Amino acid sequence: MTKAMQISDPEEQQLIEQAQMGDRQAFADLVNRHRKGVINVAYRICGDAGQAEDIAQETFLRAWQHIPKYRPQALFRSWLYRIAANMTIDHLRSKKETVNIEMLALQSRDAGPELRLVEKERAAAVQQAVLGLPIASRQVLVLREYEQLSYQEIADTLEIPIGTVMSRLNYARKSIKLSLERMVEEKCLSI
Amino acid sequence: MSEHINEWLPAYYDGELSGLKLRQAEAHLKECEACREKLNELQAISSILQESPAASGLTPADKFTAQVVLRLPRSQMQPGWQHTLQRGWQALPLGLFAGWAFIKSALIVTMGLAAVQRLGFGKSLDAAFQQISKADQIQAGGYRFTAAAFNRMGQYLVGSFNPGSLFGLDIFLKFVLPAAIGLAYLIWLMSWWRAQEVNDYKNGTV
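Chains as they are written, first to last, in my numbering: chain S, 1 to 191; chain C, 192 to 397.
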């Protein structure tokens, strides 16, 4: 028995089986369960909420078409995140990944009245640091830091060895530390 | 343990260590200020990343799900074996034709061999090889073997094709085989027609 099978949720497993038989309502329940995670993965990799939502929709459409082929060797969540991560990369490549950092800061300032200016600037700096990472390291960082996936789950999701997960994660954290040096120092003092 | 645990510190922080390595890391961290600082940095990076706001202004969950469900295609991809089976079924007429063509060709070749043997061509070819020198026989070993095999096959065919069995073969080839192929094709055609009807019904076109 694989690790994924040991920890899979029986209720979710039942929904997956029903969806594999063409049950749309069961699939809708799966969409409800994983909507937030899929959007988050896409958003943290591409940096645009609207595009992330579109990518999430496309992810679920692709998942529906391929769900009869899904086998619980990896967690369903990992399987969905794999599709989402690949679709986000395709999306970024098609747009040649032109994330305009200046625009990002401006968008962040207009994001909503609830955040104060300093917080907005901090958020923009963090997003800028994450989006400045190479895609491969960014994917690993997003899955670990935002989705709390284990190394094994990340390896399953991205179909890479655990050693590669560790090296990419280390590289990403070192880069983030360099980009946000002052912020990290301040945070270290407050911990 | 006196050496720093830089290599294992991220794995320790992410809760990925167990057993001896975990105990070694814990023991080292108790006595090493530098490694504790590095651990602090990892915690700081995680906090900063997680504090950054998530995507805002998203479509409400129920609306998002409804949009996805409305866009779901009617068909899903079949699992591998079902897909292969379906493809095989679709290609059945081609298989039937190929089978029929193969049997017909085999029959023509067989009849040709039998006719050649009746004319004595196989025997004379074999005898010609008996007369050439030893060295040439080795050189022409392949040809000799072919000629001998050709001769024996012809003899076998002529010997086994008595008028009775030829009549049976003729009946089989002229009536039974075309009837079996025709029946298989008819079954396939009916099943295809039925599948089309079901698809039309599912797609709402009837």
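For glycine and all other residues, C-beta sits at the position ideal for the given N, C-alpha and C.
None of the values given here were measured: they were computed from a predicted structure.
Taken in chain order, the unbroken stretches of alpha helix (DSSP H) that lie wholly in the region 115-139 of chain S and span 4 residues or more are 117-131. Taking the C-beta atoms as reference points, residue 177 of chain S is found no nearer than 8 angstroms to residue 196 of chain C. Residue 78 of chain S counts as buried, since at least 16 other C-beta atoms from the protein chains shown sit within 10 angstroms of its C-beta. Annotation: Cβ neighbours of residue 262 of chain C in chain S (cutoff 8 angstroms, chain order): 57 and 61. In this structure, residue 28 of chain S and residue 260 of chain C form a Cβ contact; the two beta carbons are roughly 5 angstroms apart against a cut-off of 8 angstroms. Residue burial is scored here from C-beta neighbours: residue 94 of chain S has fewer than 16 other C-beta atoms within 10 angstroms and is therefore classed as exposed.
For residue 34 of chain S, the three-state secondary structure derived from DSSP is helix. With contacts defined as CB atoms closer than 8 angstroms, residue 151 of chain S and residue 217 of chain C fail to qualify as a contacting pair.
Collapsing the DSSP output to three states places residue 279 of chain C in a helix. For residue 207 of chain C, the chain S residues whose C-beta falls within less than 8 angstroms of its own C-beta are 150 and 151, listed in chain order.
Using a Cβ-Cβ cut-off of 8 angstroms, residue 22 of chain S counts as an interface residue toward chain C, since at least one Cβ of chain C sits closer than that to its own.
Excluding residues up to 5 positions away in sequence, 19 and 27 lie with their Cβ nearer than 8 angstroms to the Cβ of residue 64 of chain S in the same chain. Nearest in C-alpha terms to residue 39 of chain S, of all of C/277, C/290, C/200 and C/246, is C/246. Here residue 149 of chain S is near residue 143 of chain S, since their CB atoms are less than 8 angstroms apart.
Using a CB distance below 8 angstroms, no part of the region 284-304 of chain C faces chain S.
The DSSP-derived three-state label of residue 159 of chain S is coil. The C-alpha of residue 85 of chain S is placed about 12 angstroms away from the C-alpha of residue 58 of chain S. In the structure shown, the three-state DSSP call for residue 183 of chain S is helix. Chain C has no Cβ within less than 8 angstroms of the Cβ of residue 160 of chain S.
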